Amino acid sequence: VFDSLASLFVKEFANNAAAEEMPEIIRNVITVDKKQRNIILKTLRTTTELESVKAQCFATTALIELDNNNFEDAINAANQFLKQYAGTEYAYLVEPILIQGKLQVGKQAPTLTGEDVHGNRLSLESTLGKVTYVVFWGFW
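For the sequence shown, the working numbering assigns the number 301 to the initial residue and increments by one for each residue that follows.
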């Protein structure tokens, strides 16, 4: 039933402002499995002429993969999104995926620079190969 309704919606409203709400709705329909959600998003993405809807479909696909703990697929989808839509208002949706991908065990830490306790400039890269503890603190 959901597939039929989704297909009908895509056919009728793909180029309408209502289509902008569809990617998030599809992501949150728990009763529909990931494969079906991604098929519907792909159909909407290839049917619509609205770039904002296409961008949301790409980003939502990445988020669905992340929701299902498929980190590698989520990162691939996020990178695919960035190839076409990096400067759009929807880029913030995939940023957490890319950050999480960089912070996995066994991966190289992201570039980090700051000052040591004596005020000297310090880079995490300068400690490569050494056991390093990074402590974040501040006065709020």
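The beta carbon of each residue, even a glycine, is placed where N, CA and C say it ideally should be. All values derive from a computational prediction rather than experimental measurement.
Given that a residue counts as buried once 16 or more other Cβ atoms are within 10 Å of its Cβ, and exposed if not, what is residue i?
{"i": "Gln404", "result": "exposed"}
{"i": "Tyr390", "result": "buried"}
{"i": "Leu341", "result": "buried"}
Near residue i, what residues of its chain come up, given a Cβ to Cβ distance below 6 Å and the 5 sequence neighbours on each side ignored?
{"i": "Tyr368", "result": "The displayed chain sequence assigns Asn, not Tyr, to residue 368. Correct list, in chain order: Lys334."}
{"i": "Tyr385", "result": "Ala355"}
{"i": "Phe358", "result": "Phe381"}
Could you round the C-beta distance between residue i and residue j to whole angstroms and report it? I think they count as a contact, below 8 Å.
{"i": "Arg421", "j": "Thr427", "result": "That pair is no contact at about 13 Å."}
{"i": "Tyr371", "j": "Gly401", "result": "Checking the sequence, you will find Phe at residue 371 rather than Tyr. Right, their Cβ atoms sit about 6 Å apart."}
Please name the residue, chosen from the options, that lies closest to residue i on a Cα-to-Cα basis.
{"i": "Ala318", "options": "Arg337, Gly387, Val332, Leu344", "result": "Leu344"}
{"i": "Glu324", "options": "Glu415, Ala362, His418", "result": "Ala362"}
Near residue i, which residues of its chain fall below 7 Å by C-beta distance, leaving aside the five closest residues on each side in sequence?
{"i": "Lys354", "result": "Arg345, Thr348"}
{"i": "Ile364", "result": "Arg327, Lys334, Arg337, Asn338"}
{"i": "Ala409", "result": "Leu424"}
{"i": "Leu366", "result": "Ala374, Ile397"}
{"i": "Ser352", "result": "Glu320"}
Using the DSSP secondary-structure output, state which residues sit across from residue i in a beta bridge.
{"i": "Leu422", "result": "Gly414"}
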